[in-house]
Every structure is written in structure tokens, then in C-alpha cells.
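Asker: The sequence shown begins at 1 in UniProt numbering and counts up by one.
Positions of the beta carbon are idealized from the N, C-alpha and C atoms, including for glycine.
The structure displayed is predicted, hence computed values, not measured ones.
One structure, pasted below without further comment.
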Amino acid sequence: RDAQLRDGRNSLRHVPLPASTKEPRYEQISADASARVKQRREGRKEEMLANARPFSFQEAVKKKPLPSEPDLQVVFRATPVPKAVHEPLWEIIQHREAGRQERVAREAQALYQKRQLPPHLAEEENRRLARSAEERARIEREALKDNTFHPKVRASLPPDFGALQRRFEKSLEVAKLTNPHRKVVHKEFALRTDQLRGGNQRPAQEQIDMVEADIARDQLVLPEQRWPYASTRAKVPPREIPNFKLLHESPRMPAYRTTTSEQLRRACVEESALKDQLRTRRDEQREAKRLAALREVSKEVAQALGNGSAKLNKLNKQNQQHTQRERFKADAREKQQQADARIAEIRAKLAGRPFLFQRQSADANALRAKQAQYDKFGALIREHGLGDLLEKMPYT
Numbered sequence: 001r002d003a004q005l006r007d008g009r010n011s012l013r014h015v016p017l018p019a020s021t022k023e024p025r026y027e028q029i030s031a032d033a034s035a036r037v038k039q040r041r042e043g044r045k046e047e048m049l050a051n052a053r054p055f056s057f058q059e060a061v062k063k064k065p066l067p068s069e070p071d072l073q074v075v076f077r078a079t080p081v082p083k084a085v086h087e088p089l090w091e092i093i094q095h096r097e098a099g100r101q102e103r104v105a106r107e108a109q110a111l112y113q114k115r116q117l118p119p120h121l122a123e124e125e126n127r128r129l130a131r132s133a134e135e136r137a138r139i140e141r142e143a144l145k146d147n148t149f150h151p152k153v154r155a156s157l158p159p160d161f162g163a164l165q166r167r168f169e170k171s172l173e174v175a176k177l178t179n180p181h182r183k184v185v186h187k188e189f190a191l192r193t194d195q196l197r198g199g200n201q202r203p204a205q206e207q208i209d210m211v212e213a214d215i216a217r218d219q220l221v222l223p224e225q226r227w228p229y230a231s232t233r234a235k236v237p238p239r240e241i242p243n244f245k246l247l248h249e250s251p252r253m254p255a256y257r258t259t260t261s262e263q264l265r266r267a268c269v270e271e272s273a274l275k276d277q278l279r280t281r282r283d284e285q286r287e288a289k290r291l292a293a294l295r296e297v298s299k300e301v302a303q304a305l306g307n308g309s310a311k312l313n314k315l316n317k318q319n320q321q322h323t324q325r326e327r328f329k330a331d332a333r334e335k336q337q338q339a340d341a342r343i344a345e346i347r348a349k350l351a352g353r354p355f356l357f358q359r360q361s362a363d364a365n366a367l368r369a370k371q372a373q374y375d376k377f378g379a380l381i382r383e384h385g386l387g388d389l390l391e392k393m394p395y396t
């Protein structure tokens with residue numbers, strides 16, 4: 001065994017570490033990346049400085065040249081009519097809706113046929129429903145047999161009071177016509193309140209007993225029809241909601257004891273909260289430093305571009321607005337001059353034309369002179385015996 005161990009130790013040869021493990025590849029990659037970022041930033045900065053041009057009052061603002069005449073003409077191309085215009089979408093929708101309603105009706109009828117019981121079970125169900133209805137009616141009669149109030153329900157429909165009123169008015173008119181000198185003495189209207197009360201002020205004792213009996217019955221019967229008295233027929237008074245806050249503050253309430261585990265949990269929670277606060281504060285400080293550095297870089301770039309101060313920026317903005325207003329004014333002035341010239345040209349053309357009534361009179365005079373020449377020529381033709389030729393001439 002010792003020999004085997006000795007041979008194993010002698011045959012063991014350590015493999016040397018590769019050279020790549022000792023090379024700072026990550027540091028080299030990070031350095032190359034930072035160098036590329038720095039080079040891009042410097043290139044952008046040089047490009048911005050090269051393209052920056054300060055504002056000058058001496059150089060006039062260059063207007064954008066107007067497009068050429070062929071560019072102003074756009075060839076009209078009509079879009080093809082979509083196929084949906086010629087499709088009967090409304091009819092298709094109506095057909096689908098009708099098919100859906102028919103399918104729903106068939107399914108409902110099939111479900112209704114499935115839910116129907118066999119004949120013997122249907123008869124048993126009808127007998128059960130009849131027994132339950134009779135039981136409910138018996139319970140209702142048992143509950144209402146002690147009621148002191150029995151309303152009178154009419155078995156027939158109420159009379160036509162309008163017809164009764166018209167009949168009364170008709171009989172009254174007939175009586176007035178038969179005896180116009182009769183004086184109608186109306187009976188004085190008397191309320192039955194005193195009779196119902198049993199005297200001048202106090203109701204009758206029987207009525208008081210009836211009301212008290214109704215109240216007692218309601219106190220016994222009605223509460224059992226509402227929650228939480230649905231399972232008892234006894235007189236259970238309602239209870240108010242207990243004041244839980246006052247009960248917890250009572251000295252009789254057992255106090256909570258503080259244990260070691262509770263103290264350790266509280267300390268752990270406080271420690272984690274403190275760590276979160278410290279972490280948040282460090283993040284805020286780091287963000288503040290980053291924003292400050294960014295502001296410094298922005299200030300340097302602005303100073304390099306020539307608009308580092310707010311006053312200079314405001315002045316440049318005012319100059320741009322003034323230049324834009326002047327350009328707008330010049331364009332408006334040029335358009336107004338063109339419009340005035342066009343109106344003057346139109347007025348000059350109209351000034352050389354005669355009035356409408358003058359043109360009408362001149363045309364009428366020319367027509368009359370032409371007709372006179374035609375008449376003179378026709379008379380001369382007829383004098384020479386060539387009147388039949390006038391029928392064939394187009395101007396006659």
C-alpha cells in the first residue's frame with residue numbers, strides 16, 4: 001500500500017496555469033470601451049463646434065426658393081373603389097343573425113325537451129307541488145286566525161262611478177225641469193270622528209284593546225320574519241353593537257407580554273429599515289453628484305457654442321423673432337402689392353369698355369341697320385321680278 005501511494009505521488013505532475021489566466025483581459029476590454037466612448041464624445045464636440053455659427057445682423061436671412069412650375073402640378077390618380085362598397089353587407093349580417101336566432105331557438109327547444117320529466121315522475125311532481133301549496137295555505141290560515149282585523153273584500157268589480165255621477169246629474173236636471181221653483185235644502189256634512197273615538201276625546205275601550213292586541217301580536221310574529229330572529233318565536237329585543245375600542249382599553253383586558261423573540265424581531269426590523277434609509281441616502285447623494293457633473297459639462301458646451309448665459313439666449317431668441325416678423329411683413333407687403341396691381345389692371349380693362357346699356361343700344365342699332373339693308377335688297381329684287389328667289393335665300 002505504501003509503495004502504491006509512493007508511486008502515485010511520483011507520477012503526479014501539476015499542470016501549469018495557462019497564460020490567459022494572468023492576462024488582464026477584462027481591464028483591457030474596459031479601457032478600450034472607455035477610450036471609444038471618449039473618442040466619440042470628442043468627435044461630437046468637434047462636430048458641434050464646427051457647425052456652430054453665431055448670429056449676425058449683417059447677413060440677410062435666406063428665403064427658401066419657390067418650387068418650379070412642374071413640381072406644383074400633381075397628377076390626379078383616382079383610387080380604386082373598394083370591393084366592400086358592392087358587397088351586400090347588411091343582407092349578409094341579417095342572414096347570419098336570422099340563422100343564429102334559429103339555432104338558439106332549436107337548442108332552447110331541445111333543452112326544454114330534455115328537462116321534461118317522464119309521465120310518472122311529472123305526476124309525482126304535480127302532486128308534491130299541490131301538497132306544498134295546501135300546506136302553505138294551512139299555515140297561513142293558522143297564522144291569520146287570531147287577527148282582529150278582517151277586511152271586506154268585494155267579490156265583484158268596483159262599480160262605474162263615472163256612470164253613477166252622470167246618472168245622478170241627469171236625474172237632478174230632470175227634477176229641476178219638472179219643478180223649477182223647488183228649493184233644495186242640502187244636508188249638513190258630519191264627520192264620524194267622535195263616533196269612532198267613543199266620545200268627545202278618548203277612543204272606545206274596545207278599540208284600544210283591539211289595537212293593543214294587534215301590537216302584541218306583531219311583536220311576537222313580525223320579528224321572527226326578519227334577520228336575526230328567523231329561528232325563534234320568542235320576544236327577543238335587538239342588541240346594539242358592542243364598543244370594541246372601549247373593551248380593549250378596559251383594565252380587565254389581558255395585556256400582551258413582551259418576549260425575547262418579539263424583541264429580536266423588532267430589532268431586526270429596525271435594523272433593516274435603517275439600512276434601507278442609508279442606502280436611499282447614498283443613492284440620492286450619488287444622483288446629486290451625477291447631475292452636478294452633467295450641469296458643469298452642459299455649461300462648458302454652452303459657453304463653447306457662444307450661448308452660455310441666459311441673457312445671450314434671450315437676446316438671440318428676440319433677434320430671431322424680430323427677423324421672422326420682418327420676413328412675414330415683407331411677404332405680406334409683397335402679396336398686397338401684387339393684389340393691388342391686379343385690381344388696377346382689372347379696373348383699367350373695365351374703364352375702356354362701354355356700359356351695358358350702351359352695348360345693348362349699339363347692338364340694336366347695328367341689327368336695325370342690317371335689317372334695313374336686307375329690306376332694301378328685297379325690295380330691289382321684287383322690282384326686277386325676282387321675288388320667287390327670296391324664298392330660297394337663307395337670310396329671308
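If you measure between the beta carbons of residue 293 and residue 49, is that distance less than 8 Å?
Answerer: For residue 293 and residue 49, no; Cβs fall outside 8 Å.
Asker: Per DSSP, what kind of secondary structure is residue 365 in: helix, strand or coil?
Answerer: It is helical.
Asker: Can you give me the C-alpha to C-alpha distance between residue 344 and residue 337, rounded to a whole angstrom?
Answerer: Each residue's Cα considered, the two are about 10 Å apart.
Asker: Can you check which of these residues, 290, 301, 20 and 105, is closest to residue 52 by C-alpha distance?
Answerer: Of 290, 301, 20 and 105, the residue nearest in Cα terms is 301.
Asker: In whole angstroms, what is the alpha-carbon distance linking residue 365 and residue 359?
Answerer: C-alpha separation (whole angstroms): 10 Å.
Asker: Could you spell out the range, first to last residue, of the alpha helix (DSSP H) harbouring residue 119?
Answerer: Counting along the chain, the alpha helix (DSSP H) containing residue 119 begins and ends at 119-144.
Asker: For the alpha helix (DSSP H) holding residue 39, just list the boundary residues, first then last.
Answerer: From DSSP, the alpha helix (DSSP H) with residue 39 extends over 25-51.
Asker: Identify whether residue 86 lies in helix, strand or coil by the three-state DSSP scheme.
Answerer: Here residue 86 sits in coil by DSSP.
Asker: Residue 280 lies in the alpha helix (DSSP H); which residues open and close that run?
Answerer: Its alpha helix (DSSP H) spans residues 260-305.
Asker: Beta-carbon within less than 7 Å of residue 380's beta-carbon, same chain only, minus the 5 sequence neighbours each way: which residues are those?
Answerer: Excluding residues within five positions, none has a Cβ falling inside 7 Å.
Asker: Since I believe residue 146 is in contact with residue 426 (beta carbons under 8 Å), could you give me their beta-carbon distance rounded to a whole number of angstroms?
Answerer: Outside the displayed span of the chain (1 to 396) sits residue 426, for which this structure offers no information.
Asker: Would you tell me roughly how many angstroms separate the C-alpha atoms of residue 363 and residue 370, rounded to the nearest one?
Answerer: Rounded to whole angstroms, residue 363 to residue 370 spans 11 Å at the Cα level.
Asker: Taking 8 Å as the threshold (C-beta atoms), are residue 117 and residue 125 in contact?
Answerer: Closer than 8 Å, so yes.
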